[in-house]
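Worksheet: one structure, shown below.
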């Protein structure tokens, strides 16, 4: 019996190729309105989730961001060392960490006693000057009225408190609170250092783990945005470090030339405070002006003029040069971000507001399409 041939009722040549289905956007006005409402709800839910996360997990997120910022710094320094002396990455990172620790230890060994002594003298001098300012205000009617409106924490008599003894005890209590907070911050600082070192040692491991949280279709975009954020953080840190060094050096030299005591400690304070743009300039200037006034009115005015000139130079010469090669951030956005993050997260939010905002602006600039000419103001 011959085999039965099985024939396909539709030969392969006659099979019609199906075109891929493309979803066409809705043309019904009601469907378009529903799509817009759906997109708005998605964005609102996402924004609400981000705000709640910052509100509830703010301290933890600040620790994670600080460790990430440290990892970005160590990683880029290791890449520079790897490029210059042709070492494996782990060895270049080890060399960078050893150099940084050696430089820090050398600074403490050579200038630590001097800085510690000047810091102690600075605290005593500021306390003495606070008493002198309060006594001077008490000699005039306007000064006494001003003291009546100032809270006791600032040496005023708003609640009826009197005398310098209460203010002295409050200063001592404040110093004790700062000391206990410093001991409490040691653990957090250790976590930041250890986590940042591990992040820098194997950055691809942690970045790839983070990318796995995104849907497959969005992973290339997420990877690009993470790289943009990392480059922005490195550019901001490098530019701000140069800015801090110049401001601290000019402040110390200027105060030494004027004859203000503790010029080195005040220069260090001015440089470190300049890590916080704009607001840090006022924080760093207050101790110097108070000590300048303790020497004399003329010296106090000279210190005020010195810091004004330094900030003018920093804002009109240094900042444009740094922003040309680093990150451009509008001053209004910087100050608002410091206010918002400082209000929500306290001092850590104020300190880290600028680099966090710089990274967010860079990510938003890359993720959102550019404005058309018709959309521009």
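Numbering (UniProt numbering), first residue to last: 1 to 377. From the three backbone atoms N, C-alpha and C, an ideal C-beta is built for every residue, glycine too. Please read these numbers as outputs of a predicted model, since none were measured by experiment.
| Check | Outcome |
| --- | --- |
| Taking residue 286 as the reference, which of 277, 297, 240, 307 has the closest Cα? | 307 |
| Can the beta-carbon of residue 96 be found less than 7 Å from the beta-carbon of residue 116? | no |
| Once you ignore the five residues that flank residue 342 on each side, which residues in its own chain have a CB closer than 7 Å to its CB? | 349, 350, 353 |
| Just mark residue 365 as buried or exposed, buried being the case when its beta carbon has 16 or more other beta carbons within 10 Å. | exposed |
| Below 8 Å, can you find three or more Cβ-Cβ pairs linking the stretch 239-253 to the stretch 297-312? | yes |
| Does the stretch 39-56 come into contact with the stretch 182-201, if we say contact requires no fewer than three beta-carbon pairs (one atom in each stretch) closer than 8 Å? | no |
| Just to check my reading of the structure: residue 243 and residue 310 have Cβ atoms closer than 8 Å, yes? What is that Cβ distance to the nearest angstrom? | At roughly 11 Å, the Cβ-Cβ gap does not stay under 8 Å, so residue 243 and residue 310 are not in contact. |
| Quick one: what's got a C-beta closer than 7 Å to residue 344's C-beta in the same chain, skipping five residues either side? | 54, 55, 58 |
| Quick one: measure Cβ to Cβ for residue 233 and residue 355, integer angstroms, because I've assumed they're closer than 8 Å. | 6 Å |
| Leaving aside the five residues before and after residue 175 along the sequence, list all residues of the same chain whose C-beta is less than 8 Å from its C-beta, in chain order. | Summary for residue 175: the model assigns pLDDT 42, below 50, so the residue's position carries little reliability, and this model does not support an answer. |
| Measure how close the beta-carbons of residue 318 and residue 246 come, nearest whole angstrom, since I'm counting them as under 8 Å. | 6 Å |
| Which of the three DSSP states is assigned to residue 10 in this structure? | Confidence is the limiting factor: at residue 10 the pLDDT is only 47, short of 50, which leaves the residue's position unreliable, though a coordinate-based value still follows. Note: residue 10 maps to coil in three-state DSSP. |
| Can you tell me whether residue 108 is buried or exposed? The criterion is at least 16 other CB atoms within 10 Å of its CB, across all chains shown. | exposed |
| Would you mind giving the Cβ-Cβ distance between residue 260 and residue 291, rounded to the nearest angstrom? I have them listed as a contact below 8 Å. | 6 Å |
| Can you tell me where the alpha helix (DSSP H) holding residue 366 begins and where it ends? | 347-367 |
| Tell me, please, whether the stretch 196-205 touches the stretch 60-72 by the rule of three or more beta-carbon pairs shorter than 8 Å. | yes |
| Of the choices 74, 300, 230, whose alpha-carbon is the least far from that of residue 98? | 74 |
| Rounding to the nearest angstrom, what Cα-Cα distance links residue 256 and residue 103 in this structure? | 25 Å |
| By DSSP, does residue 203 sit in helix, in strand, or in coil? | helix |
| For residue 293, count neighbouring C-beta atoms within 10 Å of its own C-beta (all shown protein chains included) and say buried if the count is 16 or more, exposed if not. | buried |
| Measure the C-alpha to C-alpha separation of residue 49 and residue 29 and round it to an integer number of angstroms. | 30 Å |
| Please confirm whether residue 93 and residue 78 have their CB atoms less than 7 Å apart. | yes |
| State yes or no: is the C-beta of residue 367 within less than 7 Å of the C-beta of residue 329? | no |
| Compare the beta carbon distance of residue 390 and residue 362 with 7 Å and say whether it is the shorter of the two. | Residue coverage of the chain in this structure runs from 1 to 377, which leaves residue 390 outside it and unanswerable. |
| Comparing alpha-carbon positions, which option in 272, 32, 266 lies nearest residue 288? | 266 |
| Might you give, ordered along the chain, the residues of its own chain that have their beta carbon closer than 7 Å to the beta carbon of residue 300, omitting 5 neighbours on each side? | 289, 292, 293 |
| Evaluate residue 298 with the Cβ neighbour count: other Cβ atoms within 10 Å of its Cβ, from every protein chain shown; 16 or more gives buried, anything less gives exposed. | exposed |
| Under 7 Å Cβ to Cβ from residue 121, same chain only, skipping five residues before and after it: list those, please. | 262 |
| Mark residue 221 as exposed unless 16 or more other C-beta atoms lie within 10 angstroms of its C-beta, in which case mark it buried. | exposed |
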